[in-house]
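This report refers to the structure that appears directly beneath it.
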Ligand SMILES: [Zn+2]
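Here it is in structure tokens:
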């Protein structure tokens, strides 16, 4: 009977660990989403900078064409000016040439402004490209690590479930059903440590008679209040007992053994398995 309880304690430990593993596994897609989100926003910024630089270059090309057009116009006007018959005609050509020259000057000013703006834009794009490449390498590494961890978690979970299945076989059915029911009700904590004379899960003090019976380690008992299976493992008491007096360096001094902690019974700990 008591061996069954120890098996159930082990099963409870496995269940709590399985719950943690499942949580971790479920976290992975969210983690990868967060990792990639930063990358996407930086990539968008780079695209915006590239678009600005592209627009700048396009406008500059257009301005160069505009200048060429005006220069061709001036050449044509100068040709026509040679055949001017009157002073007024000559003056009119002159005015038109002057207008074209003013246009060229305006275009040239704009070209200078565009060139000045292009310089920091090009530098931005270049540094953003380098940063993004570095970041992408980092993200790929993080993703690989996260994927690897999940694969390890999944393997651990499979081993955990396999072990649980094996352990389950040895537990008689009414007890197993009781354990599963309590485990479901209490989010994985069907068994409570009662080594201190108190149910550590619900904090109820165990009746002295029940506690005495519990200490005899002959049958499985439940808490009067919460119904959890009670586990008596005095080794756990050492965890909460005051530290032993300092050991004197004499031959007779005994060094206390390290306390044995039963798996899966964190005293008074509640694990959310919802
Ligand atoms: Zn209780």
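Numbering (this note's numbering), first residue to last: 4 to 277.
By construction, the Cβ of each residue, glycine as well, lies at the ideal position given by its N, Cα and C atoms.
Check                                                                                                                                    : Outcome
For the beta strand (DSSP E) containing residue 195, list its first residue and its last residue.                                        : 194-196
Just grab the DSSP bridge partners of residue 201 for me.                                                                                : 208
Could you tell me the alpha carbon to alpha carbon distance between residue 36 and residue 146, rounded to whole angstroms?              : 10 Å
Give the range of the alpha helix (DSSP H) segment to which residue 117 is assigned.                                                     : 90-172
With 16 other CB atoms within 10 Å as the buried threshold, where does residue 255 fall?                                                 : Confidence in residue 255 is poor, its pLDDT being 45 and thus under 50, which makes the residue's placement unreliable; the coordinate value appears in the next sentence. Burial call: exposed.
Taking only heavy atoms of ligand 1 into account, decide whether any of them is closer than 8 Å to the Cβ of residue 158.                : no
In whole angstroms, what is the alpha-carbon distance linking residue 6 and residue 207?                                                 : 25 Å
Return helix, strand or coil for residue 220, following the three-state DSSP convention.                                                 : coil
Apart from the five residues on each side of it in sequence, which residues of its chain come closer than 6 Å, Cβ to Cβ, to residue 142? : 38 and 42
With a cut-off of 8 Å on the beta carbons, I'd call residue 53 and residue 128 a contact; round off their distance for me.               : 6 Å
Can you find at least 3 beta carbon pairs, one from the region 130-138 and one from the region 12-32, that sit closer than 8 Å?          : no
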